[in-house]
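Engineer: One structure, pasted below without further comment.
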Amino acid sequence: MFDFHGLFTGFDIAFSLVNLLYAFIGALVGTAIGVLPGLGPAATIALLLPVSYKIGSPVTSIIMMAGVYYGAMYGGSTTSILLNIPGEAASVVTCMDGYQMAKKGRAGAALGIAAIGSFVAGTIGILGLTFIAPPLAEIAIRFGPPEYFALTVLGLLMATYLGGGSAIKGLIMVVVGLLMGMIGLDPISGAVRFTFGNVNLQGGIDFVTVAMGMFGVGEILYNLEKTEGVQLVTDKVKNLWPTLADFVRSRWAIVRGSVIGFLVGILPGGGAVLSSLLSYATEKKVSKHPEEFGQGAIEGVAGPESANNAAASSSFIPLLTLGIPSNASIAMIFAALLIQGVTPGPFLLKEHPDVFWGVIASMYIGNAMLLVLNLPLVGVWAQLLRVPYAYLAPIIALFTLIGVYSVNNSAFDIWLLIVTGILGYLARKLNFETGPLLLAFVLGPILERALRQSLLISAGSPAIFFARPISGAMMAAAVLFILGNLWASWKKSRESKVQPASVS
Amino acid sequence: MNKRRILVLVLTVLALSVAAVFPALAAEKYPSKPIELIVPYSAGGSTDVLARAIAKVAPKYFDVPLVVVNKAGGGAIPGRDYVVQSKPDGYILLFGYGSGEDLVVPHERPLPFDTFKDLLPVCRISQHSVVLAVPADSQFKTLKDLVTWAKSRPHVTAAVSTKGAAVDIAFQLFAKEAGFKLTSIPMSGGSDAVTALTGHQVDFGGGHPSEVLPHIKADRLRPLAVALAERDPAVDVPTFKEQGYDVVTAGSVKGIAVPKGTPRAIIDYLADKFHQITRDPEFISMMKDLGQPILYMGPDEYAGFLKKGFDQYGNLLKELKIETK
Chain A
22 MFDFHGLFTG FDIAFSLVNL LYAFIGALVG TAIGVLPGLG PAATIALLLP
72 VSYKIGSPVT SIIMMAGVYY GAMYGGSTTS ILLNIPGEAA SVVTCMDGYQ
122 MAKKGRAGAA LGIAAIGSFV AGTIGILGLT FIAPPLAEIA IRFGPPEYFA
172 LTVLGLLMAT YLGGGSAIKG LIMVVVGLLM GMIGLDPISG AVRFTFGNVN
222 LQGGIDFVTV AMGMFGVGEI LYNLEKTEGV QLVTDKVKNL WPTLADFVRS
272 RWAIVRGSVI GFLVGILPGG GAVLSSLLSY ATEKKVSKHP EEFGQGAIEG
322 VAGPESANNA AASSSFIPLL TLGIPSNASI AMIFAALLIQ GVTPGPFLLK
372 EHPDVFWGVI ASMYIGNAML LVLNLPLVGV WAQLLRVPYA YLAPIIALFT
422 LIGVYSVNNS AFDIWLLIVT GILGYLARKL NFETGPLLLA FVLGPILERA
472 LRQSLLISAG SPAIFFARPI SGAMMAAAVL FILGNLWASW KKSRESKVQP
522 ASVS
Chain B
9 MNKRRILVLV LTVLALSVAA VFPALAAEKY PSKPIELIVP YSAGGSTDVL
59 ARAIAKVAPK YFDVPLVVVN KAGGGAIPGR DYVVQSKPDG YILLFGYGSG
109 EDLVVPHERP LPFDTFKDLL PVCRISQHSV VLAVPADSQF KTLKDLVTWA
159 KSRPHVTAAV STKGAAVDIA FQLFAKEAGF KLTSIPMSGG SDAVTALTGH
209 QVDFGGGHPS EVLPHIKADR LRPLAVALAE RDPAVDVPTF KEQGYDVVTA
259 GSVKGIAVPK GTPRAIIDYL ADKFHQITRD PEFISMMKDL GQPILYMGPD
309 EYAGFLKKGF DQYGNLLKEL KIETK
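Going down the list, the protein sequences come from chains A and B.
Mapped onto the numbering used here, the consecutive letters of the first sequence carry residue numbers 22 to 525.
Mapped onto the numbering used here, the consecutive letters of the second sequence carry residue numbers 9 to 333.
Take a look at the structure:
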């Protein structure tokens, strides 16, 4: 029987004045760092750690840190939409359609749907966390290398839908992304690859750096070509709110995004970035008008922004129920709890029910706070577009530099940002899409590692991918996916052959 | 109003990040400005948590703040290099000195610095031993069960953090001593390796106590042996040696170092302060929760210990023919 008593006690704790205050502070700080490009939740939570000792109570400090984490997912979409610069790694994909919407004067609609989608998805995620966390966590740890391999195969197949332009250019970008993902230590043998003798490259390149460079710096450089005084995006910011038609178009995207985000978020090593990319590809695939993607399709904003919020909520499941931190931000919260004498994991519910339920309850409240905080801000942010680019660009560049530096406190990353920025500029100039590169960069290393680990486990037999239920099902889905597409293109080519024949 | 709030916040976050990078300019008496603990690993890992536990109790013993700065990435080498390159004035300390990157990696590939010549040990704080474990519902109740089974199999798998690191070396040594063939599966880090083990992806596995202890407590993993000369105070499990296998390694050692050229007086000052911290009741109770034993050693003793560990790992790598190429 579900522990309603526990949940109500949790709300009791979360509604105390102190906890409400810290949930609000967390949400506010999270939104702010989400808006600032590059500056991520993990670095911010690390900075807040000494503050959390001062707070004293573990519940209150984790409520604040959780607020920072999911708040960042809310704020991340803002600069993606307005300036084509992802505020957060998980909001990279939002640039593709969000920015196009802003260019058409629909920034308000994009920001609004992102906030509403985030709220709905965040709430769905927390509901899942509340009611089905323990059994889901048990399934999630069964997710081994073969399952990851199958998932990334599916993901890469979906990636073929990410681009809209030239297929050859898209493939070139995929290969560049895969190559960039291979830089660093070989995941299995530990050999050094493609570092050109530079120790800074031994650990590989950080996704944040590549994303900020390719999108952020690349965009700024591209805009420098325009003469001074030209308005950046558009001066007409019409209807600040999504229209009824927008809601109708987005509702299923939000639901699908929530489900994808929730499921990917639970996986150890999964996370918000992957979920938003998968959601975008899914939306494009199921859409009746895929040609609108990349031109400002609202589903391309609603889906991914929902997915990254649902993933942020569900990534608390392995932390709270198993003691497994699934990404850098959650690892930071894990560390904060350990230092305060609370061990997250299977005993959390028994030993510290106040922490377990208090945090979950606070997430409901925090999500509502974020919605209230973000909707009025939509108008404010949209005004940002009126700031002349000559002032805006250097400020954004500065924040991006600081943000990227803050990930590893590494000066080398700044150089890397500049190099990837130039790459991004060239890609933009020559009409190469950055989406496929980033997806390959994220998925490539997971695919390689999972493939090699699986084959080591099975002593070289590829049967391991088909014999296990979860990976077997996903591999079957991948095969069906390929067959379905072959069938569709075969039918298409036959129709085009039949038609001229009937004319003659 | 909202805009202004955001601006204040932005400035605060900015100021904080700048403050962490550029500490106040130097004065005469040591220490007169914040001391940075450079952790070459990402935030949230066992070394980082240890550094943060120290920073938490430090205000009782230091007049200046100890600031934890993560310089992660690059296989934990650039973070070390940063300390090597910094001024030897006692304000930049390397935290995590004695880990695999100091004792194992120099045998495997060239580094831009000499870990023993360019860094001076201050003290040892803890030593993370290697614990072998199996899932709690596994058929193996003892190490003997595992060995008997493994000897009859052509293919035995174990999840390890990375190839050729402390955990991998200990398991390879065990397989050699026990006489079976082991395929170690490098996962991406210690926590992933333990997750793979709890998910029954491999036959056995394990890691450092801080990684396996929560799962042992939760009855998800069963420890079978620890690769130390004597039992680890953090985990209640017999050593390999007690069970008839000569598997003793240094594991991953967590100490503190300063750049070469740092005055001896500063090293002694720091060593003394950290020694006091290791005897602080709050720190002791935190370390117990973290599953990290407190094993303090002063500068000279620690230098000898590291050299011994380094040589031992060199011999093991040769003996086990572990190559990372």
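Just so you know, even glycine gets a beta-carbon here, dropped at the ideal spot from N, CA and C.
Give me the subset of the stretch 192-214 of chain B whose CB atoms are less than 9 Å from a CB atom of chain A, sorted by chain position.
Structural biologist: Listed by position, the residues of the stretch 192-214 of chain B near chain A (Cβ gap below 9 Å) are Ser192, Ile193, Pro194, Met195, Ser196, Ser199, Asp200, Val202, Thr203, Ala204, Thr206, Gly207, His208, Gln209, Val210.
Engineer: Which residues, in chain order, does the stretch 454-478 of chain A contribute to contact with chain B at a C-beta distance below 8 Å?
Structural biologist: Cβ contacts with chain B come from Arg470, Gln474, Leu477, Ile478.
Engineer: Tell me whether Glu331(B) is buried or exposed, calling it buried when 16 or more other Cβ atoms sit within 10 Å of its Cβ.
Structural biologist: So Glu331(B) counts as exposed.
Engineer: Residues of the stretch 285-310 of chain B in Cβ contact with chain A at a cutoff of 7 Å, in chain order, please.
Structural biologist: Per Cβ criterion, the list reads Met294, Asp297, Leu298.
Engineer: Is Tyr49(B) helix, strand or coil when you go by DSSP?
Structural biologist: Coil.
Engineer: Among Leu278(B), Lys268(B), Gln251(B), which has the Cα closest to the Cα of Leu151(B)?
Structural biologist: For the residues Leu278(B), Lys268(B), Gln251(B), the minimum Cα distance to Leu151(B) belongs to Gln251(B).
Engineer: Can we say the stretch 224-235 of chain B touches the stretch 97-115 of chain B, given the rule of at least three CB pairs closer than 8 Å?
Structural biologist: The stretch 224-235 of chain B is not in contact with the stretch 97-115 of chain B.
Engineer: With a threshold of 16 other CB atoms inside 10 Å of the CB of Arg287(B), please say whether the residue is buried or exposed.
Structural biologist: Looking at its Cβ environment, which holds fewer than 16 other Cβ atoms inside 10 Å, Arg287(B) is exposed.
Engineer: Taking just the CA atoms, how far does Pro374(A) sit from Ala333(A)?
Structural biologist: If I take the Cα positions, the gap works out to 21 Å.
Engineer: Beta carbons nearer than 9 Å to chain B: which residues of the stretch 45-66 of chain A have them?
Structural biologist: Taking 9 Å as the Cβ-Cβ cut-off against chain B, the residues of the stretch 45-66 of chain A that qualify are Leu49, Val50, Thr52, Ala53, Ile54, Val56, Leu57, Leu60, Ala63, Ala64, Thr65, Ile66.
Engineer: Looking only at its own chain, which residues have a Cβ that is under 8 Å from the Cβ of Tyr69(B), when we skip the five neighbours before and after it?
Structural biologist: So the list reads Lys281, Gln284, Ile285, Asp288, once near-sequence residues are dropped.
Engineer: Measuring CB atoms only, is the stretch 224-232 of chain A touching the stretch 273-283 of chain A, in the sense that at least three cross pairs come out at less than 8 Å?
Structural biologist: Verdict: no, contact absent.
Engineer: Anyone know if the C-beta pair for Val213(A) and Gln223(A) falls short of 8 Å?
Structural biologist: Yes, the pair counts as a contact, with Cβ atoms nearer than the cut-off.
Engineer: Less than 8 Å between the C-beta atoms of Val56(A) and Thr115(A), yes or no?
Structural biologist: Not closer than 8 Å, so no.
Engineer: Using only the alpha-carbon positions, how far apart do Ala44(A) and Ile189(A) sit?
Structural biologist: So the alpha carbons of these two residues sit roughly 48 Å apart.
Engineer: At a CB-CB cut-off below 7 Å, which residues of chain B make contact with Val213(A)?
Structural biologist: Simply Arg117.
Engineer: Which residue comes first and which comes last in the alpha helix (DSSP H) that contains Gln320(B)?
Structural biologist: Residues 307-328.
Engineer: Shorter than 8 Å from the beta carbon of Ala34(B) to some beta carbon of chain A?
Structural biologist: Reliability fails at Ala34(B), whose pLDDT of 43 lies under 50, so the model's placement of it is uncertain and the value that follows must be treated cautiously. No, Ala34(B) lies away from the interface with chain A (no Cβ there is under 8 Å from its Cβ).
Engineer: Please classify Phe217(A): does DSSP put it in a helix, a strand, or coil?
Structural biologist: In this structure, Phe217(A) counts as coil in the three-state DSSP scheme.
Engineer: I want to verify the contact list: residues of chain A whose CB lies under 8 Å from the CB of His163(B), in sequence order.
Structural biologist: Simply Ala480.
Engineer: Please go through the same chain and pick out, in chain order, the residues whose beta-carbon is closer than 8 Å to the beta-carbon of Val256(B), but skip the five residues on each side of it.
Structural biologist: Ala235, Leu236, Ala237, Thr247, Phe248, Lys249.
Engineer: Helix or strand or just coil, what does DSSP make of Thr165(B)?
Structural biologist: Strand at Thr165(B).
Engineer: Go to Thr1(B), then tell me how far its beta strand (DSSP E) extends in each direction, as first and last residue.
Structural biologist: No information on residue 1(B) is available, as it lies outside the stretch 9 to 333 that chain B covers here.
Engineer: Considering only their Cβ atoms, is the gap separating Val72(B) from Pro39(B) smaller than 8 Å?
Structural biologist: A contact, by the Cβ cut-off of 8 Å.
Engineer: On a CA-only basis, which of Ile503(A), Trp508(A), Leu504(A), Leu477(A) is nearest Pro167(A)? Give me that one, please.
Structural biologist: Here the closest residue by C-alpha is Leu477(A).
Engineer: Please list, in chain order, the chain A residues whose beta carbon lies closer than 7 Å to that of Ala226(B).
Structural biologist: Neighbours of Ala226(B) on chain A, chain order: Gly366, Pro367, Phe368.
Engineer: What are the uninterrupted segments assigned as beta strand (DSSP E) that are 3 or more residues long and contained completely in the stretch 237-283 of chain B, given in chain order?
Structural biologist: Within the stretch 237-283 of chain B, the complete beta strand (DSSP E) runs of at least 3 residues are 260-267.
Engineer: Run through DSSP, which three-state label would Tyr304(B) get?
Structural biologist: Residue state, collapsed to three classes: strand.
Engineer: Can you give me the start and stop residues for the beta strand (DSSP E) that Ala173(B) sits inside?
Structural biologist: Taken as a continuous stretch (DSSP letters only), Ala173(B) belongs to no beta strand (DSSP E), as it is neither H nor E.
Engineer: Any contact between the stretch 111-127 of chain B and the stretch 87-103 of chain B? By contact I mean 3 or more CB pairs, one from each, below 8 Å.
Structural biologist: Touching, per the Cβ criterion.
Engineer: In chain B, which residues lie less than 8 Å from Phe600(A) when you measure between Cβ atoms?
Structural biologist: Absent from the structure is residue 600(A), since the part of chain A shown begins at 22 and ends at 525.
Engineer: Can you find a C-beta in chain A that's less than 8 Å from the C-beta of Ser260(B)?
Structural biologist: Not one chain A Cβ lies under 8 Å of Ser260(B).
Engineer: Measuring straight from C-alpha to C-alpha, what distance separates Ile209(A) and Gly198(B)?
Structural biologist: Cα to Cα, Ile209(A) sits roughly 14 Å from Gly198(B).
Engineer: Please go through the stretch 402-460 of chain A and give each complete alpha helix (DSSP H) segment of 4 or more residues, from N-terminal end onward.
Structural biologist: As far as the stretch 402-460 of chain A is concerned, its whole alpha helix (DSSP H) runs of at least 4 residues are 410-429, 432-450.
Engineer: Return the CA-CA distance between Arg132(B) and Asp276(B), expressed in angstroms with no decimal places.
Structural biologist: Those two C-alpha atoms are separated by around 13 Å.
Engineer: Rounding to the nearest angstrom, what Cα-Cα distance links Ile417(A) and Pro58(A) in this structure?
Structural biologist: So the alpha carbons of these two residues sit roughly 7 Å apart.
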